[in-house]
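Below is one structure; the comments refer to it alone.
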Amino acid sequence: MTTTAFVGGRILTMAVGPDPEAVVIEGHRIVAVGDRSLLAAWPRAMIRDLGGRTLCPGFIDAHNHLSIAALHPRWRDVSRAASIDDLLEEVRFQAVAEPDAPWIRVCGWDEGPSGVRPTRRDLDRLGLERPILVAHYSLHQGVVCSHGLDALEFGRTTPDPEGGEIVRDPDGEATGLLMERAWGVAHGLSLQGYAAPDRWGELIVARAEQLLRQGITAVHDAACAPEAEAVYASLAAAGALPISVVVMPHAAALLHNDPGSRLDGPPTGEGDEQLRVGAVKLFADGGTSIALDVSIQGQSLRFGTTMDDLEQHLSAATARGFRVAVHAMGNVGVQRAIDAFGAAAATAPDDEHRFRIEHAGVASRAQARALAALGAIAVVQPGFVDHVGRQSGGVSFDEHAWLPFRDLAEAGVTLAASSDDPCAPFPPLWCAARGADRTTGDGQRFEAEQAVDFEAWLRAYTAGSAMAGGQEGERGALVAGLRADLVILEGALAPSPPPRVVETWVGGSPVFVAEAPG
Ligand SMILES: [Zn+2]
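This is the structure we're talking about:
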């Protein structure tokens, strides 16, 4: 077994106590952490001089849609389409590239910069004989053509699904735009053509290798369809999964709270360090149609989509021994999550629930305190400062903050950090920098009082995320006995510019070494 001792740089253990001088790893594990004198006990250790760089635990992206992001290379990215014609051109390319796919799917639609809002009539003009789905970058809405509506059996008289909308024109005809759960059904159906396990597995491995280059050694797949769970299981059984994965069970129809027979399967905590079952993923409100009830300079503003079956499915999951994670973007969603957590806690007061709230995108200080009182962990996305900041148009609410990272931390809520890949960029150090400097992509400061300092984000990406995933006994800190999943960072631990990942180690071996900057 190889033994390696890291010395000569800052060592961020993410555990209590002063920074140590040395970390010794042997095989897959960390075996000793302390001052240099402990090296005497490890005479055969190879000494690895950090040269003034920083050693910290591998990053855990606690909300990453790896199984969906993995498929993105198969789809044309329409995020840069500047006009309807540009977008249609991409759809045509996609149709030619995959003549046998049951659905023609393109990804990354973002109406924000371009104002491009396709309708089914636009898509029908292509004259293609298959359903088309233009997926929004948020994975919370999309546009289908007429064949798509037919495949979904969304007709003129079909009622909107609860928690979603089949958007219609003034004459009552569907425009093709599907919001929230109406989109989630289209997502699930279009994915069936991509569920061939071998190919999907190869794409997951390729995506995971990109994550490793940014220091991510574990992810929580934050809405994992049963088919994706099966792909992960076969990769893990073959020893072919490059990073550790916590699967968060969810129906194939995205945003739908009923996991069906999955509750009969292995509960939260089952598995091993490579592949483990996490919390069941549930939704309290929409993602683009976030549920808000706020005021702006005394003027009240209410809108958005709530998922009214949250409580029912949350209590079903906890009764079956699962932990739960609730998506809540708007403050109405956050309140529903708080209330549902409270009800579950009252039913089983002796259990350790470790509730996860995903995003907590808009919340008040009172809500932050309520989450702290429940012992909930906030799985937040510092990188959202970029696009949410741009979309907010500089509008602030009277009692509620956007991306209230500081309020949550000050209330005593543990922060776990994540990207929401592929809905936003995944590099943890870039995301951490946005959470620390609260600067958007167009250079504006966005609710700067909610900034959390850079090193706190490194803690959130390691110890915080490990807590969210029930992994604190295996990873997330440099402590003897835990996995030797490590990153080495070069540069100051500050947002501008952020440090860069120069090495990533998994299970005691280097899996990524950056080239020296040219
Ligand atoms: Zn997500």
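Basically the working numbering = 1-based index in the sequence shown + 7.
Here a beta-carbon is modelled for each residue, glycine too, at the ideal position from N, C-alpha and C.
With a cut-off of 8 Å on Cβ pairs, the stretch 385-392 is in contact with the stretch 423-433, counting three or more such pairs. Nearest in C-alpha terms to His79, of all of Ala215, Val509 and Asp93, is Ala215.
Residue side-chain check: His394 keeps its Cβ at 7 Å or more from all non-hydrogen atoms of ligand 1.
In terms of Cβ geometry, Ser302 and Glu280 do not form a close pair [threshold 8 Å]. Inter-residue distance for Ala439 and Ala203 is about 35 Å (C-alpha atoms, whole angstroms). Cβ contact annotation for Arg36 (same chain, cutoff 6 Å, sequence separation greater than five): Ala491, in chain order. Here Gln478 carries a coil assignment [DSSP, helix/strand/coil]. Near ligand 1, meaning a beta-carbon closer than 7 Å to one of its heavy atoms, we find His70, His72, Leu146, Ala229, Ala230, His334, Glu365, Asp427 and Cys430. The three-state reading of DSSP puts Val486 in coil, since its state is none of H, G, I, E or B. Close CB contacts of Ala347 within its chain, under the 6 Å cut and outside five residues either way in sequence, are with Leu317, Glu318 and Leu321 (chain order).
Its Cα nearest to that of Leu299, the residue Thr313 stands out among Gly498, Ser503, Glu97 and Thr313.
Distances from the alpha-carbon of Pro109 to those of Glu365, Asp42, Leu159 and Thr421 put Leu159 closest. Counting the other Cβ atoms within 10 Å of the Cβ of Gln478 gives 16 or more, which makes it buried.
A check of alpha carbon separations from Gln148 across Ile173, Leu133 and Leu485 identifies Ile173 as the nearest. Under the DSSP assignment, Ile67 falls in the beta strand (DSSP E) whose first and last residues are Phe66 to Asn71. Cβ atoms of Val150 and Leu130 come within 8 Å of each other, at about 7 Å. Segment contact: the stretch 178-193 against the stretch 209-225, fewer than three CB-CB distances shorter than 8 Å; contact not assigned.
Each residue's CA atom was taken as its position, placing Phe100 and Arg482 some 43 Å apart. When Ala259, Leu261 and Ala237 are compared, the shortest CA-CA separation from Pro273 is found for Ala237.
DSSP places Ser399 in the helix class (H, G or I) of the three-state scheme.
Sequence-distant partners of Pro168 (beyond 5 residues in either direction) whose C-beta falls short of 6 Å from its own C-beta, in its chain, are Arg188 and Ala189. Contact check for Val253 against Pro266 fails: the beta carbons are separated by 8 Å or more. Between the alpha carbons of Pro411 and Val284 lies a distance of about 29 Å. The beta carbons of Ala193 and Leu140 sit closer together than 8 Å.
Counting C-beta pairs closer than 8 Å gives three or more between the stretch 443-462 and the stretch 396-408, which meets the contact rule.
Taking all protein chains in view, the Cβ of Ala335 is crowded by 16 or more other Cβ atoms within 10 Å, so the residue is classified as buried.
Taking 8 Å as the cut-off, the beta carbon of Ala431 is found no closer than this to the beta carbon of Arg445. With a minimum length of 4 residues, the unbroken runs of alpha helix (DSSP H) contained wholly in the stretch 181-236 fall at 188-198 and 204-220. Between the stretch 375-382 and the stretch 347-361 there are three or more C-beta pairs closer than 8 Å, enough to call the two in contact. Proximity to Val98 across Asp358, Cys152, Asp357 and Val494 peaks at Cys152, based on C-alpha coordinates.
Annotation: Trp49 to Phe461 spans about 34 Å, alpha carbon to alpha carbon. CA-CA distance, Ile364 to Ala258, rounds to 18 Å. By the 16-neighbour rule on beta-carbons within 10 angstroms, Val520 is exposed. In this structure, DSSP gives Pro517 an extended state, which the three-state scheme calls strand. Counted as a single uninterrupted DSSP element, the beta strand (DSSP E) harbouring Leu422 occupies residues Thr421 to Ala424. For Asp292, the secondary structure class from DSSP, reduced to helix, strand or coil, is strand.
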